[in-house]
């Protein structure tokens, strides 16, 4: 299994694991609180992430992107925060 950092669907680099060679993966979105009247509820949905490799010169890291591409700064912050293992 390889480490992957998820970006989009409420995730900001959260580390998960995927099988080698996958191109798309599905994970739950980050749980989001919703306030309706006096009641607090939480919702989540399944999101599909496109798998990409970044920073190949440093061994390569897998990222999963759902929606907009993360900035280089966001990726570097996630590497330092979650400590994923490079794939190489």
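In the UniProt record's numbering, the protein residues as written are 1 to 88.
Ideal Cβ placement from N, Cα and C applies to all residues, glycine included.
Computed from a predicted model, the values in this text were never measured in an experiment.
Among the options, nearest to residue i - alpha-carbon criterion
i          : options    : result
residue 13 : 20, 73, 45 : 73
residue 28 : 11, 21, 56 : 11
residue 25 : 62, 82, 80 : 62
residue 57 : 15, 88, 45 : 88
Identified DSSP bridge partners for residue i
i          : result
residue 7  : 12, 65
residue 24 : 50
Euclidean distance between Cα positions of residue i and residue j
i          : j          : result
residue 71 : residue 52 : 14 Å
residue 49 : residue 65 : 5 Å
residue 47 : residue 78 : 19 Å
residue 76 : residue 54 : 10 Å
residue 80 : residue 17 : 17 Å
residue 15 : residue 30 : 12 Å
Short Cβ contact (8 Å threshold) for residue i with residue j
i         : j          : result
residue 8 : residue 68 : yes
residue 5 : residue 84 : yes
Helix, strand or coil at residue i according to DSSP, with G and I counted as helix
i          : result
residue 77 : helix
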